[in-house]
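Presented below is the structure to which this report refers.
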Amino acid sequence: METIQQLLNRIRWDENFGRGDFTVGIYDRVKDAVEFQPLENLKQENGNHFSFTVCMEGEIVTIPFHRIRAVRKNGETIWQR
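With the sequence shown counted from 1, adding 232 to any position gets you my numbering.
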């Protein structure tokens with residue numbers, strides 16, 4: 233199985249595969265639920281292989297990659313933990 237970092241790199245660098253509408257399912261510990269965010273809302277700092285930032289409910293938060301539970305392309309799940 234492809235790791236989440238490998239998949240995100242493939243989306244970013246593979247021109248053909250990267251076409252489409254991607255959403256990322258992030259586990260929210262407080263709500264005990266997975267919330268989907270558009271991939272373009274995720275920001276990763278160069279060299280940071282552990283977390284990313286995303287704006288959720290008007291607040292910028294740092295999320296570790298292990299909280300990503302699923303990735304969808306055009307509404308279809310292509311990766312799931």
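Where is the CB? At the ideal position from N, CA and C, for every residue including glycine.
Being a predicted model, the structure only gives us computed values, none of them experimental.
Spatial neighbours of residue i in its chain, beta-carbon cut-off 8 Å, leaving aside the 5 residues before and after
| i | result |
| --- | --- |
| K275 | F284, T285 and V286 |
| T294 | S283, F284 and T285 |
Beta-carbon proximity of residue i to residue j, cut-off 8 Å
| i | j | result |
| --- | --- | --- |
| F254 | R304 | yes |
| G252 | F268 | no |
| F297 | I236 | yes |
6 Å Cβ shell around residue i - same chain, five flanking residues per side excluded
| i | result |
| --- | --- |
| A302 | G257, T309 and Q312 |
| F249 | R242 |
Cβ neighbours of residue i in the same chain (closer than 7 Å, five flanking residues each side left out)
| i | result |
| --- | --- |
| D246 | none |
| D260 | E267 |
| P270 | T255 |
Can you list, in chain order, the stretches of the beta strand (DSSP E) that have 3 or more residues and sit fully within the stretch 245 to 295?
254 to 260, 265 to 270 and 283 to 288
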